[in-house]
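All remarks here apply to the structure that follows.
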Amino acid sequence: MSEYKKPLPVVQPWSKPFWEAAKRHRLMIQTCNDCGLKIFYPRKYCPDCWSANLGWFEASGRGKVFSYSITMAGVEERFAEDLPFVLALVDLEEGIRMMTNIVECKPDEVSIGMDVKVTFRDVTDEFSLPMFKLNPKK
Amino acid sequence: MSKAKLAIIGIGEVPTGRYPERSRWDIIYEVCLQAVRNAGIEKKDIKGVISVAPQAQPWLTSEISFGKIPEELGLKGCKDVCICNAGGASTTNCLRLAEQWIDSGIANIVLIPHVTVHSTIPIEEVISFFGTAGMDLQWEYPFGTTYNGMMGMVTQRYMYETGTTAEELASVVVALRKWAALDPNSMFYKRPLSLEDVLSSKMVSTPLHARECNVLADGGGAMIVTSAELASEITGTPVYKLGHGARYVGACPVLREDFLVRNGWSEAAKDALDQAGLIKEDVDVFEFYGAYPLNQCVMLEAVGICEIGRAGKFIMEGHTSPGGKLPCATIGDAIGRGHTGSGVSMANYIECARQLIGKAGERQVPNCRFVLATAAGGSGMNATVTIWGREIP
Chain A
1 MSEYKKPLPV VQPWSKPFWE AAKRHRLMIQ TCNDCGLKIF YPRKYCPDCW
51 SANLGWFEAS GRGKVFSYSI TMAGVEERFA EDLPFVLALV DLEEGIRMMT
101 NIVECKPDEV SIGMDVKVTF RDVTDEFSLP MFKLNPKK
Chain V
139 MSKAKLAIIG IGEVPTGRYP ERSRWDIIYE VCLQAVRNAG IEKKDIKGVI
189 SVAPQAQPWL TSEISFGKIP EELGLKGCKD VCICNAGGAS TTNCLRLAEQ
239 WIDSGIANIV LIPHVTVHST IPIEEVISFF GTAGMDLQWE YPFGTTYNGM
289 MGMVTQRYMY ETGTTAEELA SVVVALRKWA ALDPNSMFYK RPLSLEDVLS
339 SKMVSTPLHA RECNVLADGG GAMIVTSAEL ASEITGTPVY KLGHGARYVG
389 ACPVLREDFL VRNGWSEAAK DALDQAGLIK EDVDVFEFYG AYPLNQCVML
439 EAVGICEIGR AGKFIMEGHT SPGGKLPCAT IGDAIGRGHT GSGVSMANYI
489 ECARQLIGKA GERQVPNCRF VLATAAGGSG MNATVTIWGR EIP
């Protein structure tokens, strides 16, 4: 796993809990204990009320595809082995939008509005990236 | 009643293309000398230099930031120097700052130059630069972002919401390349494209085909600006800046509530037109710069020319093309010009001046009195709209 060549998240002190939890395959959302705002991406102070009294809760991991693009060319060499891959924006049930990849399916199976759920990729000892896979309603 | 505080009195430009053999300073000399001669002033008349920050060229940025242009060109009358970086909206902000320098008396005549040479930057560096510029290093870049991928997602959502078809989107490129084919300063001069050319080009980032993405180019441009009063003494053809509107919509695409930036464009255009004392029906040319085809559609909708979802059809019917009833993007936006990083907005303002002076050659829109121009920075962080006129209404 030490051979991972792709860019890793550039972490800020206040987003460490997100990445610590991701290592344990838990998707956490930051929240403001004063005004109740659900915050993404994590901040030092609440972007609504500037409170420093912030906490975390675990997301359901379920969401829907807001938009996506199948990347087929024009990437850095270190991403080339993944082509084609699905770059996507996913709206979580909790009202948070994340950029991610849709994995574990053929790229042309993806469409806007599809149900997806989180799946973690352990890319290094330090980082597991939250990606999403299709979650068809039974 | 608008009160113009700034006017363009001189322009200089090199055609876009690939110039690996030319140094960046060679191009700076050329465009600045052209602009000074075009304005009919002498170099000692330049009292300030406000440069467009070049992207992905850190050494050049340093040299320009720390004052090399007035020294290199021997601008002995220069009282101050500065650089503005807002990505694709850099030139817009150079104009803003020039307005303040002129208004406050620090410099009554200001030179605004830009140069970019992409062709000598290693391709990996260029891809990496555009994969990170305007993207978040923690929440976006690790997932393989590219400009094309990001704009692919925006385009996909636009098509989903509006029902715009692949053919309509491709027809935007056809329209832009028709303008470019008439532009001797474009690398695509005399090279129009058919709908089939666009749709049969390889898929890069769905739904964007290669011809719907930008070709990076080398290029440079410069403007001489001054006060409205002085402009009318120096030249018989001043180009007045009449209005300016701006909206910040957010740095990271993932967080942008106004995902298509339609509200941002709409509000910025309203502010700019109000300031100019004009309405959209007064505008003869819409110089939309959005770098990707969907932005031409979004801007037509935002300004209120097309109903939401009808812009693609409107463009496909030829209304924005040469000879159409509503000329848009008469240099063909970045798609038609070749993308010169922060230089596209410079080219766009130079085209505003050409259209208003009546020197736009085969692209000339008859009796052009007022032009609306747009520019955005980063991956779409802001929407800026300016209004230009050959007279003050």
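Chains as they are written, first to last, in my numbering: chain A, 1 to 138; chain V, 139 to 531.
For glycine and all other residues, C-beta sits at the position ideal for the given N, C-alpha and C.
Leaving aside the five residues before and after residue i along the sequence, list all residues of the same chain whose C-beta is less than 7 Å from its C-beta, in chain order.
i, result
"VAL152/V", "ILE165, GLU168, VAL169, GLY357 and GLY358"
"GLU299/V", "none"
"PRO136/A", "ASP115"
"LYS463/V", "HIS457"
Contact check, residue i vs residue j under 8 Å by CB: the rounded distance?
i, j, result
"ILE112/A", "SER67/A", "6 Å"
"VAL482/V", "ARG475/V", "6 Å"
"ILE362/V", "ILE147/V", "5 Å"
"TRP526/V", "LEU380/V", "6 Å"
"VAL310/V", "PRO431/V", "4 Å"
"ILE240/V", "LEU144/V", "6 Å"
"GLY301/V", "GLY272/V", "Contact doesn't hold; Cβ gap of about 28 Å is too wide."
Could you give the DSSP three-state label for residue i: helix, strand or coil?
i, result
"LEU87/A", "strand"
"PRO153/V", "strand"
"ALA142/V", "coil"
"LYS568/V", "Coverage of chain V is limited to positions 139 through 531, which leaves residue 568/V absent and any answer about it impossible."
"MET519/V", "coil"
"THR302/V", "coil"
"ASN101/A", "strand"
"CYS444/V", "coil"
"GLU371/V", "helix"
"CYS50/A", "Sequence inspection shows Trp at residue 50/A; the Cys mentioned does not correspond to that position. The answer is coil: DSSP assigns TRP50/A none of H, G, I, E or B."
"GLU425/V", "strand"
"ILE267/V", "Before going on, a small fix: residue 267/V reads as Phe here, not Ile. It is helical."
"PHE397/V", "coil"
"GLN238/V", "helix"
"TYR68/A", "strand"
"TRP163/V", "helix"
"GLY95/A", "coil"
"THR229/V", "helix"
"TYR285/V", "helix"
"ASN135/A", "coil"
"PHE57/A", "strand"
"VAL169/V", "helix"
"THR364/V", "strand"
Could you pull out every residue in the same chain whose Cβ sits closer than 8 Å to the Cβ of residue i, ignoring the five residues on either side in sequence?
i, result
"LEU198/V", "ARG162, PRO192 and VAL253"
"ALA308/V", "LEU333, VAL336, LEU337, HIS347, ARG349, GLU350 and PRO431"
"ASP34/A", "CYS46, CYS49, SER51 and ASN53"
Using a Cβ-Cβ cut-off of 6 Å (strictly less than) and excluding sequence neighbours within five positions of residue i, which residues of its own chain qualify?
i, result
"VAL292/V", "none"
"LEU92/A", "ALA59 and GLY63"
"TRP403/V", "MET437, ALA440 and ALA521"
"PRO158/V", "SER257 and THR258"
"HIS382/V", "ALA410 and THR524"
"PHE268/V", "TYR285"
"ILE221/V", "SER189, ALA191, ILE202 and SER203"
"ILE39/A", "GLN30"
If distances are taken between C-alpha atoms only, which option among the options comes closest to residue i?
i, options, result
"GLU104/A", "LEU27/A, LYS5/A, PRO42/A and ARG121/A", "ARG121/A"
"ALA467/V", "GLU209/V, GLU425/V, ALA271/V and CYS435/V", "GLU425/V"
"SER69/A", "LYS217/V, LYS185/V and ARG295/V", "ARG295/V"
"LYS6/A", "PHE281/V, ASN352/V, TRP239/V and ASP241/V", "PHE281/V"
"GLY95/A", "PRO17/A, PRO84/A and GLY61/A", "GLY61/A"
"VAL423/V", "ARG448/V, ILE469/V, TRP277/V and ILE188/V", "ILE469/V"
"SER15/A", "ILE29/A, VAL75/A, ASP125/A and ASP34/A", "ILE29/A"
"LYS497/V", "CYS220/V, LEU320/V, SER266/V and GLY450/V", "LEU320/V"
"ALA369/V", "GLY150/V, ARG160/V, GLU529/V and ASN486/V", "GLU529/V"
"ALA313/V", "ALA406/V, VAL392/V and LEU331/V", "LEU331/V"
"MET99/A", "LEU27/A, GLU3/A and PRO130/A", "PRO130/A"
"PRO42/A", "ASP125/A, VAL118/A, TYR4/A and THR31/A", "THR31/A"
"ILE250/V", "ASN505/V, GLY150/V, THR154/V and TRP317/V", "GLY150/V"
Members of the stretch 7-27 of chain A that neighbour chain V once the beta carbon cut-off is set at 8 Å: Listed in sequence order: PRO7, LEU8, PRO9, VAL10, VAL11, GLN12 and SER15.
Residues of the stretch 74-96 of chain A with a CB closer than 8 Å to any CB of chain V: list them in chain order, please. The stretch 74-96 of chain A vs chain V, Cβ under 8 Å: GLY74, VAL75, GLU76, GLU77, PHE79, ASP82, PHE85, LEU87, ALA88 and LEU89.
Using Cβ-Cβ distances below 9 Å, what residues of the stretch 185-201 of chain V are close to chain A? Along the stretch 185-201 of chain V, none of the residues has a CB nearer than 9 Å to a CB of chain A.
Between the stretch 59-73 of chain A and chain V, which residues of the former have a C-beta closer than 9 Å to a C-beta of the latter? Correct list: PHE66, SER67, TYR68, SER69, ILE70, THR71, MET72 and ALA73.
Members of the stretch 97-113 of chain A that neighbour chain V once the beta carbon cut-off is set at 7 Å: Interface annotation for the stretch 97-113 of chain A against chain V: ARG97, MET98, MET99, THR100, ASN101 and ILE112, criterion Cβ-Cβ distance under 7 Å.
Along the stretch 325-352 of chain V, where does the CB come closer than 9 Å to a CB of chain A? Name the residues. Listed by position, the residues of the stretch 325-352 of chain V near chain A (Cβ gap below 9 Å) are LYS340, MET341, VAL342, SER343, THR344, PRO345, LEU346, ALA348 and CYS351.
What are the residues of the stretch 399-426 of chain V that lie near chain A, defined by any Cβ-Cβ distance shorter than 7 Å? So nothing in the stretch comes that close.
Between the stretch 29-58 of chain A and chain V, which residues of the former have a C-beta closer than 8 Å to a C-beta of the latter? So the list reads PHE40 and TYR41, given in the order they occur along the chain.
With 9 Å as the limit, tell me which residues of the stretch 273-291 of chain V have their beta carbon closer than that to any beta carbon of chain A; keep them in chain order. Under the 9 Å Cβ criterion, the stretch 273-291 of chain V contributes MET273, ASP274, LEU275, GLN276, TRP277, GLU278, TYR279, PRO280, PHE281, GLY282, THR283, THR284, TYR285, ASN286, GLY287, MET288, MET289, GLY290 and MET291.
May I ask you to list, following chain order, the residues of the stretch 120-134 of chain A that have a beta carbon less than 7 Å from some beta carbon of chain V? Taking 7 Å as the Cβ-Cβ cut-off against chain V, the residues of the stretch 120-134 of chain A that qualify are LEU129.
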